[in-house]
Amino acid sequence: MTLEINAATLKLIHAHLESAYPEEGAGFLLGTDGDPRRVTAILKVDNAREASARHNRYLLTPQDMRRAEDAADEMGLTILGVFHSHPDAPNVPSGFDRAWALPWYSYTITRVDAGQAGSTRAWRLAEDREAFEEEGFVMSDQ
Amino acid sequence: MPQLKIPTPLRPYTGGQAVVTVRGGTIAEALADLTAQHPNLKQHLFNEAGELRPFVNLFVNEEDIRYLNGVATPIGEADLLRIIPSIAGGGHSWVLMGTHGNFLSR
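Rendered as structure tokens:
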């Protein structure tokens, strides 16, 4: 399991997450499934949680999901997963992440410290929902 | 019979089917039929207490069942049901402990 993302797309993710700081930012990862999974586009989404919770919670609504599906269809791509940030916190999934996780999707978590996006790690929910399994995360030039 | 559209991340559990034909006169019956047809789907739709997981949103012909009658909402032969997930998550609640930057989860 490897998730590959090109440098320009990762830069867009970082810019969105930095602009959301100190709140959590999030959006959809679009691309083509395979081995590796290739992310070629993102869809930035506003965090729908209430302001008091946005520092450590994000929410993408069913309406966001429908818009993302439509956008993916128009581009001939698939929604491969979701990116989000953990501001000033480790980029490992929380129990809350797991409770809400869907199978199959790739979830990337970028640590954003003091407004600067740092390292990103990618995870998928285990089949029994008991844990996240880390997947390879590779940046490509294209 | 009603048709139920499955979102991409759950299609591995329906043998790749995007749309499943279900039996039942209510949403609850349709879901019971869906999970009887595709048992591995159940753990992703329902929690251990048998309640729908929080990310599961169900629509009947574009109407969210929360604004209808929930899982007791009646459905007809020609209705199109759709599961549309909402996505949520977020970091731990962290407390800075001591002077060396050790973090402890609350």
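Chains R and U, in that order, are what the protein sequence lines are. The first sequence begins at 11 in my numbering and counts up one residue at a time. The second sequence begins at 218 in my numbering and counts up one residue at a time. Idealized CB from N, CA, C, for every residue including glycine. Values in this document were obtained by computation on a predicted structure and should not be read as measured data.
Asked	Found
Limits of the unbroken alpha helix (DSSP H) element including Arg108/R	105-110
Separation of Ser95/R from Gln234/U, as counted between CA atoms	32 Å
N-terminal and C-terminal residue of the alpha helix (DSSP H) that Ser9/R is part of	An answer regarding residue 9/R cannot be provided, because it is not within the stretch 11 to 152 covered by chain R.
Coil, strand or helix - Val239/U by DSSP	coil
Proximity test, Cβ basis, 9 Å: Tyr230/U and chain R	yes
Opening and closing residue of the beta strand (DSSP E) in which His96/R lies	88-97
Cβ-Cβ distance between Pro226/U and Pro113/R below 9 Å	yes
Residues, ordered as in the chain, of the stretch 270-299 of chain U that lie near chain R by beta-carbon distance below 7 Å	Pro271, Phe272, Asn274
Nearest-angstrom Cα separation, counted from Arg240/U out to Met149/R	46 Å
is_contact[His24/R, chain U] using C-beta, thresh 9 Å	no
Inter-residue Cα distance where the pair is Tyr230/U and Asn257/U	6 Å
Alpha-carbon to alpha-carbon, Ala82/R and Thr19/R	15 Å
For Gly267/U and Pro103/R, the rounded distance between their alpha carbons	25 Å
Gln8/R, DSSP secondary structure in three states	No answer is possible for residue 8/R: the residues shown for chain R start at 11 and end at 152.
Close-in-space but distant-in-sequence residues of the same chain around Leu40/R (CB under 8 Å, 5 per side omitted)	Val49, Thr50, Ala51, Ile52, Leu53, Ala78, Ala81, Ala82, Met85, Leu87, Thr88, Ile89, Leu90
Ala99/R to Asp74/R span [Cα, whole Å]	26 Å
Cutoff 7 Å; reference Asn179/U; Cβ partners in own chain excluding five residues on either side	Because residue 179/U is not part of the residues shown, which for chain U are 218 to 323, the question remains open.
Rounded straight-line distance, which links the Cα of Ser129/R to that of Gly146/R	13 Å
Closer than 9 Å to chain U by CB, Arg193/R	The displayed coordinates of chain R run from 11 to 152. Any statement about residue 193/R would go beyond what the structure contains.
Contact check, Phe38/R vs Leu70/R, beta carbons under 9 Å	yes
Interface flag, Arg47/R vs chain U, CB-CB below 9 Å	no
Chain-ordered chain U contacts of Gln92/R [CB-CB under 7 Å]	Correcting the residue type first, residue 92/R is Val in the shown sequence and not Gln. The contacting residues are Ile304.
Distance CB(Val92/R)-CB(Glu28/R) smaller than 9 Å	no
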